[in-house]
Amino acid sequence: MYKKLLTLSIVAASLSLAACSEDTPQQTTPELACTNPAVAQNIRTNIQEIIKQEAESFARNDSRQFIDADKIIAAATQLEISLDNAAQDTQNGSPICSADLTIKIPNNILAAAETNSPLIYGSDKTIGQLVQERIRGSNLNYNQGAFTQKISYTPEISTDTAAVDYEDNTVTVMAQNISSALLPYGVKSILLIDGKAVKREDALNMDKEAYDDPPPADPEDILENNAASSIFGDETANAVSAPEILSPEPQRNEITFSANELEQAQSNNQAANNEINRVWRSIDQNVQKELLTEQRNWIQSKDNNCRQAAAQADSGLQAEYLRLQCDTRMTRERSQYLRGYTIN
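Rendered as structure tokens:
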């Protein structure tokens, strides 16, 4: 009897284990949304932000003031971005996505950058040659304005949010190289060379030794004695000297530029003033009081500097154009400086 019961117990245990085995769900690798459109949008946003930072940093530190950062920022919005052959893989036991990322500079923008390149890089090398030198030894490929590299990422997509974690800094490196290629595209229509306003086309025809020593492509970001805003009202206006009336000599040859360029300069200046006002309102009121005297002195310094820039003009319209460029640049710099005091 004892042996029979023991046999039955073993059989029952075996059946029980088999049942448990059947009920246990099989573990499967979670499916990632590798081809979700949010991934490409996330890449686009990152690329544009990095190019914006690079362009503003260069323009801020370029003593010659050849670059209009807004032109480069606008060009970044026109980049053609594609994510091909996206597929899920496994890395260190975890699921991950990989894809071929291609970012192409439009032909018209690349052609303009190619033309202006000597003004920035002081070299006879093409944009392609300069880029190839920068990316040598890396996995990044470049061909006729198109940057290509395989990227690895993990998308986190939900109904409310879409985030992407990148395995490495590949996207950042691509953005920095694209920024270098776009930099000459941002050269202004009118440049100040040796104290004289010169049209960009004429500057390109000048002896290249006039601009053989450009500032570094990645300058140290140091902000001091930067621009200002009219946010302080009449009290500040009284503390600032009245603007000088400019009367260029009539015999000087006038450098012409389009109405669109002057209108764009006015638009850029208005945007810069709106931004510095927004930044100022984000600063705690007690901190504002401490900065008030510094800000007023700084407004006067900005006005003096921009009057000097405008004094190089050949006409009243050109003087206004140069003044706006100076004012916009310094106001952006001051905004960046003031952000260090903001609450958020």
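Numbers 3 to 346, taken from this note's numbering, label the letters of the sequence shown in order.
From the three backbone atoms N, C-alpha and C, an ideal C-beta is built for every residue, glycine too.
Assigned secondary structure, residue i (DSSP; H/G/I helix, E/B strand, else coil)
i	result
I53	helix
E58	helix
Q266	helix
E296	helix
V242	Reliability fails at V242, whose pLDDT of 40 lies under 50, so the model's placement of it is uncertain and no value is given.
C36	coil
T174	helix
T117	helix
A311	helix
K304	helix
K127	coil
R138	coil
S337	helix
M208	coil
D64	coil
D316	coil
One or two residues paired with residue i in a DSSP bridge
i	result
V166	P157
V189	I69
E82	K106
D91	I98
I74	BP columns for I74 are empty, so no partner.
N143	T150
I285	T344
I195	K198
Assumed close pair residue i, residue j - CB separation to whole angstroms, cut-off 8 angstroms
i	j	result
A77	L184	5 angstroms
K54	D102	Not confirmed; about 25 angstroms, so no contact.
T156	I98	6 angstroms
S181	A57	7 angstroms
Q134	Y144	6 angstroms
F2	V189	The structure shown has nothing for residue 2, since the chain only spans 3 to 346.
R331	V281	The pair is not a contact, with the Cβ atoms about 16 angstroms apart (cut-off 8 angstroms).
N306	A177	Not really, about 37 angstroms apart at Cβ, beyond 8 angstroms.
I195	K201	The pair is not a contact, with the Cβ atoms about 10 angstroms apart (cut-off 8 angstroms).
Status (buried if at least 16 other CB within 10 Å, exposed otherwise) for residue i
i	result
K304	buried
S96	exposed
A274	buried
R334	buried
E51	exposed
D72	buried
T174	exposed
P39	exposed
N270	buried
A165	exposed
N276	exposed
Q93	exposed
S119	buried
S284	exposed
S2	Residue 2 lies beyond the residue range present for the chain, which begins at 3 and ends at 346; the question has no answer from this structure.
Within-7 angstroms CB hit, residue i to chain B
i	result
I153	Protein chains in the displayed structure number just one, and chain B is not present.
message = Under 8 angstroms, with one C-beta from each stretch per pair, do the stretch 70-90 and the stretch 130-138 reach the 3-pair mark?
response = Contact between the stretch 70-90 and the stretch 130-138 is absent, because fewer than three Cβ pairs lie under 8 angstroms.
task = Could you say if the stretch 281-292 and the stretch 306-314 meet the contact criterion of at least three C-beta pairs nearer than 8 angstroms?
result = The stretch 281-292 makes no contact with the stretch 306-314; the number of CB pairs closer than 8 angstroms stays below 3.
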